[in-house]
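Okay, so the sequence shown: first residue is 271 according to the numbering used here, each after it adds one.
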Amino acid sequence: MPRETLEKILALARWAPSGDNTQPWQFEIVSDSQVAIHGFDTRRYVLYDFDGHASHMAHGALLETLQLAATRFGLRADWTLRPGSADEEPVYDVTLIPADIAEDPLVRHIESRSVQRRPMRTTALSQTQKDALAAAVGGGYTLQFFESFQDRLAVARLLWQNAGIRLTCPEAYPVHRDIIEWNARYSEDRIPDQAVGVDPATAKLMHWVMQRWERVEFFNRYLGGTIVPRVQLDFVPALACAAHVLMRPPAPPRSLIDHVHAGMEVQRLWLTATALGLHVQPEMTPVIFRWYTRSGRSFSALPELAVQADRLARIFEEIAGATPHESFSFFCRTGYSMPPKARSVRRPADSLYVG
Ligand SMILES: Cc1cc2nc3c(=O)[nH]c(=O)nc-3n(C[C@H](O)[C@H](O)[C@H](O)COP(=O)(O)O)c2cc1C
């Protein structure tokens, strides 16, 4: 097998989604048919990574994309987690094996799949589409759809209150400040401001305000600074979609590999939605704040935020009909829309190689 085949597969695989476009992976080519994927996570400085779980899901999305990409070349990609690798730096050993295999129909959606953070149409999903999405997710994971106006309104309220935590949490501020690339339509290593989902005037104001936490605090306290972003980023998009979708695991995740598997299912779901002409926006912050509160872990020095997160976890559980012990893997909204005009792209493939 020529080395270029492996390089082409990796070049495609790197289009997998990752939280805030962090792309927590590097590639070490071991031979023409073997690559070691060096994963990392951002838990030390990204509040939303919660013990690295969001990064582990991104690793899963990468491995799933790699397996799909391999089918383009008649190859099967087998991977194992290297024994003894640390959760902070997991290594996944991948071997490509010639197989009598046709290109998977999802492969041609790998690069066009992208987040849509702007309002979508409310045209309902057909039963066939819902069945296709549910079938895309294997391994005992299930999907729950929230479609009616009442259901979407309940989610919109949840996201509105959840955004109250996100926007007033001092620990989240450096993340928001650093992940946006300003005055950009595309970004290789962050999220371009034009893909964030606010109008240009709000983006300009956000850029100025977000340069200093004191400005954020002042705006939030005296000028209702959270209202416009909450309306544009949370409330309106939550109503303007066909459905919210909650992916639930067969059992609570116990180890890194469970989060990796969840990420694989997320990517299958997202690519299948893309193949159906739908767009997706993950809505992970309610899941993440619930992880914190249900694990008895603190995410902020402000005690009132823990109280709010606890209340919201209960509201989320009421919406989903779940007990506090049941886990949520992934939450997103979906629907039809024009393709997003701005998006995150990826670091050049060459920059991802190590060794
Ligand atoms: C585990 C995970 C969590 C994510 N959470 C969110 C989220 O809460 N809100 C959001 O708008 N996008 C979220 N995203 C989407 C990423 O920001 C997006 O995939 C990344 O910026 C790359 O952009 P692209 O998917 O358009 O290529 C998430 C992605 C992953 C894999």
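Even glycine gets a Cβ: it sits at the ideal position worked out from N, Cα and C.
Sequence-distant residues of its chain with Cβ nearer than 7 Å to residue i (five each side left out)
i, result
"A339", "I279, L282, A283, V377, I380"
"T454", "The amino acid at residue 454 is misidentified as Thr; the sequence shows Ala. If we look at A454 and ignore the five residues flanking it on each side, its Cβ neighbours are P462, D463, Q464."
"R485", "V479"
Where the beta strand (DSSP E) containing residue i begins and where it ends
i, result
"I367", "361-368"
"T275", "Careful: T275 lies outside any beta strand (DSSP E), inside the alpha helix (DSSP H) at 273-283."
"P552", "549-552"
"G533", "Element bounds for G533: not the beta strand (DSSP E) but the alpha helix (DSSP H), 526-545."
"L516", "513-518"
"V506", "It is not in any beta strand (DSSP E) - V506 instead sits in the alpha helix (DSSP H) that spans 506-509."
"E298", "295-301"
Three-way DSSP call (helix, strand, coil) for residue i in this model
i, result
"I371", "coil"
"R584", "helix"
"A331", "helix"
"I435", "helix"
"P444", "helix"
"R485", "helix"
"F343", "coil"
"D348", "strand"
"I307", "strand"
"R603", "strand"
"H379", "helix"
"E417", "coil"
"V624", "coil"
"R422", "helix"
Unbroken alpha helix (DSSP H) run spanning residue i, endpoints
i, result
"P389", "Looking at the DSSP string, P389 is not in any alpha helix (DSSP H), and its letter there is neither H nor E."
"W218", "Here the chain has residues from 271 to 625 only, and residue 218 is not among them."
"I497", "497-500"
"L403", "397-406"
"I558", "555-564"
"V479", "470-479"
Beta-carbon proximity list for residue i, same chain, < 6 Å, skipping 5 on both sides
i, result
"P552", "C602"
"A473", "D463"
"S599", "M517, P519, A532"
"M271", "D302, S303"
"P507", "P389"
For residue j and residue i, believed in contact at Cβ under 8 Å, the rounded distance
i, j, result
"Q537", "A331", "4 Å"
"Y318", "V479", "Contact flag wrong, Cβ pair sits at about 20 Å."
"M390", "A543", "11 Å between Cβ atoms; not a contact."
"E441", "F569", "6 Å"
"R560", "A583", "4 Å"
Sequence-distant residues of the same chain with beta carbon closer than 8 Å to residue i, five excluded per side
i, result
"V364", "Q304, V305, A306, I307, L333, L336, A347, D348, W349"
"W285", "T335, I380, E381, R383, R616"
"D504", "A426, L429, W430, N432, A433"
>> Counting beta carbon pairs with one atom in the segment 555-563 and one in the segment 353-361, are three or more of them shorter than 8 Å?
In response: no
>> Does the contact criterion of 3 or more C-beta pairs under 8 Å hold for the segment 539-549 versus the segment 454-469?
In response: no
> Counting Cβ pairs, one atom from each stretch, are 3 or more of them under 8 Å apart for the segment 483-503 and the segment 584-597?
Replying inline: no
> Any chance the segment 516-536 sits against the segment 603-614, with 3 or more Cβ pairs inside 8 Å?
Replying inline: no
> Is it a yes or a no for the segment 574-582 touching the segment 401-417, going by three-plus beta-carbon pairs under 8 Å?
Replying inline: no
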